[in-house]
Every structure is written in structure tokens, then in C-alpha cells.
């Protein structure tokens, strides 16, 4: 679920970064679910909140897939 307080804080940080000419890294996570025929049945796209945790999830998914 989207935490509005956290999103407002992130937007303030992004604005401050632009004012100070300091790039604020922004990464996104996209998850797609396909059926057995290759048809897309669900897609979810959001800003990544935890790079380390998402990297572990990506590694797990790569190792766990058939």
C-alpha cells in the first residue's frame, strides 16, 4: 500500500535535490504475470522503496523460476 506521508517526504527530497543540483536516484519495480499461453494477465508498476530487498527478491525469482 502506498504511504502518502513517505511519498510527500520523497517528493520534498526530490525537489531539494533539483535545487541543489544533486541527482536523487529513482528506480521503479515492474511485475508482470503471464498465463501459460504467454498472455499478460496482471501488471504492477511502482517506485522501488528498498534497493537491497528488491535485489534479493530479483535473485530469488531468477533462481526459483523453471
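Numbering (my numbering), first residue to last: 48 to 113. Built from N, CA and C at the ideal position, the CB exists for glycine as well.
For this session: Figure out for me which residue from 78, 91 and 56 has the closest Cα to the Cα of residue 108.
Result: The residue given as residue 108 occupies position 61 in the chain shown. Selected option, being the one with the closest Cα: 78.
Exercise. Could you give the distance in angstroms between the alpha-carbon of residue 72 and the alpha-carbon of residue 88?
Worked result: Within the chain shown, residue 72 is the residue found at index 25, counting from 1. Within the chain shown, residue 88 is the residue found at index 41, counting from 1. Cα to Cα, residue 72 sits roughly 30 Å from residue 88.
Exercise. Can you tell me where the beta strand (DSSP E) with residue 90 in it begins and where it stops?
Worked result: In the chain shown, residue 90 corresponds to position 43, counting from 1. Segment 87-94, the beta strand (DSSP E) holding residue 90.
Exercise. What did DSSP end up calling residue 73 once you bin it into helix, strand or coil?
Worked result: If you number the chain shown from 1, residue 73 lands on position 26. Residue 73 falls in the coil class under three-state DSSP.
Exercise. How many Å lie between residue 75 and residue 93 at the Cα?
Worked result: Counted from its first residue, the chain shown places residue 75 at position 28. Counted from its first residue, the chain shown places residue 93 at position 46. If I take the Cα positions, the gap works out to 6 Å.
For this session: Closer than 7 Å by C-beta to residue 64: which residues in its own chain qualify, once you throw out the five before and the five after it? Chain order, please.
Result: Residue numbering aside, residue 64 sits at position 17 when the chain shown is read from its first letter. Excluding sequence neighbours, residue 64 sits near 70 and 71.
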